[in-house]
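Note sheet for the following structure.
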Amino acid sequence: IGYIGSEYAFAQKIPYASIRNAKGEFVLPSSATISAAASGEIPADTRCSITNSEADGAYPISTFTWMIIYKEQNYSDRTKEQAVATLDLLMYILSDEAQHITSEVHYAPLPEKAKELSMKNLNAVTYDGISILQ
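Numbering (the working numbering), first residue to last: 217 to 350.
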């Protein structure tokens with residue numbers, strides 16, 4: 217018995233198991249049950265764990281995929297264009313367009329709350345102290 221990301225198990229057709237969650241339900245991994253794990257409370261800074269979520273139908277060994285960037289993007293000879301491109305990518309990932317295709321590539325869509333909070337956090341990213349997203 218081992219653990220790999222569900223996206224690999226789904227894509228490679230590797231067998232997987234129902235796991236008992238915090239509610240006592242035996243749940244198979246799927247885009248829906250992984251998204252269900254993320255449906256609980258998320259703090260404004262988005263730092264939280266969705267493992268063993270109390271949500272109904274939640275797959276218990278779910279987690280977010282984290283992307284961590286510097287709040288101040290002017291570092292190490294980084295150009296403003298590079299900073300803008302980074303935020304463009306992250307905004308695309310959070311967009312409805314990208315979230316609609318997550319299941320096609322064996323990932324789970326983010327709940328609206330996680331997308332909203334992540335977008336708010338991107339608004340705090342600066343270059344030379346000035347917000348990049350204006």
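Quick reminder that beta carbons are idealized off the backbone N, C-alpha and C, glycines included. Just so you know, these numbers come straight off a predicted model, no measurement behind them.
Query	Result
Simplified DSSP state of residue 347, which is helix, strand or coil	strand
Cβ distance (whole Å) where residue 330 is taken to contact residue 262 below 8 Å	7 Å
Three-state class that DSSP yields for residue 243 in the structure shown	strand
Under the three-state DSSP convention, the category residue 257 falls into	coil
Length of the line joining the Cα atoms of residue 243 and residue 233	8 Å
Exposure of residue 275, with buried meaning 16 or more beta-carbon neighbours within 10 Å	buried
Buried versus exposed, by CB contacts within 10 Å (16 or more), residue 308	exposed
Touch test, the segment 222–231 against the segment 292–310, Cβ-Cβ under 8 Å, three pairs minimum	no
Three-way DSSP call (helix, strand, coil) for residue 235 in this model	strand
Selection from 271, 248, 260 and 225 that minimises the alpha carbon distance to residue 241	271
Stretch pair the segment 278–295 + the segment 328–346: three plus CB contacts closer than 8 Å	yes
Boundaries of the alpha helix (DSSP H) in which residue 289 is found, first to last residue	That residue, residue 289, is in no alpha helix (DSSP H); it is neither H nor E in DSSP.
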